[in-house]
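Student: Counting from 496, one number per residue, gives the positions in the sequence shown under the numbering used here.
Idealized CB from N, CA, C, for every residue including glycine.
Keep in mind the model is a prediction, meaning the values are calculated, not measured.
Quick one: the structure is below, and I'll ask about it shortly.
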Amino acid sequence: MLEAQSGLEDPYAPHPETREIVSGRHTSRGQLNYAVPEALQLQRRIRRYNADSDIAHGDIVALALDTYLRAKGYPPDLKSP
496 MLEAQSGLED PYAPHPETRE IVSGRHTSRG QLNYAVPEAL QLQRRIRRYN ADSDIAHGDI
556 VALALDTYLR AKGYPPDLKS P
């Protein structure tokens, strides 16, 4: 069974399984499209983080959402088809 949280000291650190999936060359990807409050300036902040870290925009979103959902007790079920 997958762990809900990363178990690392840093609660914001992505789970090792998530890092492996995101870094995979042949990982299939799907579009995630949600309306978010403009006041949060998420697109601008993602662009800035990308410039500082060289992590792709989609990977930033995947890592952040996965970390949050695992922390809330919703790990992925990687055994599903």
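#1: Measure the CB-CB distance between Leu558 and Pro506 and report whether it falls below 8 Å.
#2: Determine contact between the segment 512-528 and the segment 552-567, defined as no fewer than three beta-carbon pairs at a distance below 8 Å.
#3: Short of 7 Å in beta carbon distance, which residues of its chain neighbour Leu537, apart from the five on each side in sequence? Order them along the chain.
#4: Taking the CB atoms as reference points, tell me whether Gly553 and Arg520 lie closer together than 8 Å.
#5: Could you check where the alpha helix (DSSP H) with Gln538 kicks off and where it finishes?
#6: Could you give the distance in angstroms between the alpha-carbon of Arg543 and the alpha-carbon of Ala551?
#7: Around the C-beta of Thr522, are 16 or more other C-beta atoms found within 10 angstroms, so that it is buried, or is it exposed?
#8: Let me check understanding here. Comparing Cα to Cα, which of Ala566, Ile541 and Asn545 lies closest to Glu533?
Tutor: Result, derived from the coordinates:
#1: Taking the first residue of the sequence shown as position 1, residue 558 is located at position 63. Taking the first residue of the sequence shown as position 1, residue 506 is located at position 11. The answer is no: Cβ separation not under 8 Å.
#2: yes
#3: What you label residue 537 is simply residue 42 of the sequence shown in a count that begins at 1. Val531.
#4: Walking along the sequence shown from the start, residue 553 turns up at place 58. Walking along the sequence shown from the start, residue 520 turns up at place 25. Their beta carbons are not under 8 Å apart, which means Gly553 does not touch Arg520 by this criterion.
#5: Residue 538 sits at position 43 when you count from the first residue of the sequence shown. Residues Leu537 to Ser548.
#6: Residue numbering aside, residue 543 sits at position 48 when the sequence shown is read from its first letter. Residue numbering aside, residue 551 sits at position 56 when the sequence shown is read from its first letter. Roughly 11 Å between the two C-alpha positions.
#7: If you number the sequence shown from 1, residue 522 lands on position 27. Looking at its Cβ environment, which holds fewer than 16 other Cβ atoms inside 10 Å, Thr522 is exposed.
#8: Translated into the one-based positions of the sequence shown, residue 533 becomes position 38. Ranking Ala566, Ile541 and Asn545 by Cα distance to Glu533 puts Ile541 first.
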